[in-house]
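A short worksheet on the structure shown next.
Numbering (this note's numbering), first residue to last: -17 to 168.
Set out below in structure tokens:
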């Protein structure tokens, strides 16, 4: 990464875009200059969110030359973490900016029943499992199953998923458990 190139891109984005979304550089690696640049030119908040995947997150504003503020969403660099952060934080923010009311920011939230266990261990975080969620006419409910291995490096599960299942802190959710599901393509 090059600080000057990043700064120039951020200024150009602020002048020409309604919002800026970055991926990567929100934690603090040896060569992550996004945080350094945004700290210098923006009004940013750097957070560690108690979710998995996608712990690091940034939000703030850059100021245009006319004085108006442009929101900046800083998502993690890991693709699975970035997707989860986008769905939980960025998409609702962009919907709000687009004029949707508070009752339409989180669309596609449903309750589903697990057709298999979703494994996890208590760690103080809410987990978001990549899942396949399908309507079952016979039972008149959504049926939910894992989309595959859940590590943040497992891209196949992200590609196969059509939803995220919210797993509260605790142990494995067993078959038959009801789970809150966020449809990715409502």
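Each residue gets a CB set at the ideal place from its N, CA and C atoms; glycine is no exception.
- Residue 56 sits close to residue 16, with the two beta carbons spaced by under 8 Å.
- Spatial neighbours of residue 87 in its own chain (CB-CB distance under 7 Å, excluding positions within 5 residues in sequence) are listed in chain order as 74, 77 and 78.
- The C-alpha of residue -14 is placed about 31 Å away from the C-alpha of residue 134.
- Counting only the Cα atoms, residue 51 lies some 12 Å from residue -7.
- For residue 74, the three-state secondary structure derived from DSSP is helix.
- Between the region 58 to 66 and the region 124 to 144 there are three or more C-beta pairs closer than 8 Å, enough to call the two in contact.
- Following the DSSP letters along the chain, one finds residue 148 in no alpha helix (DSSP H) but inside the beta strand (DSSP E) bounded by residues 145 to 149.
- Counting along the chain, the unbroken beta strand (DSSP E) around residue 125 starts and ends at 123 to 128.
- DSSP places residue 107 outside both helix and strand once states are collapsed to three, so it counts as coil.
- Residue range 91 to 96 is occupied by the beta strand (DSSP E) that includes residue 91, with no alpha helix (DSSP H) assigned at that position.
- Residue 38 is classed as buried because its beta carbon has at least 16 other beta carbons within 10 Å across all chains shown.
- Cβ neighbours of residue 35 within its own chain (closer than 6 Å, five residues either side excluded): 62, 63, 66 and 134.
- In the displayed model, residue 58 falls within coil according to three-state DSSP, outside both helix and strand.
- Judged by DSSP in its simplified three-state form, residue 166 adopts coil rather than helix or strand.
- Shown here, residue 40 sits in a strand according to DSSP, grouped into three states.
- By the Cβ neighbour-count rule, residue 69 is buried, with 16 or more other Cβ atoms within 10 Å of its own.
- CA-to-CA, the gap between residue 46 and residue 84 works out to about 27 Å.
- In the DSSP assignment, residue 19 forms no beta bridge with any residue.
- Taking a C-beta distance under 8 Å as the contact criterion, residue 142 and residue 166 do not qualify as a contact pair.
- Under the three-state reduction of DSSP, residue 30 is assigned to strand.
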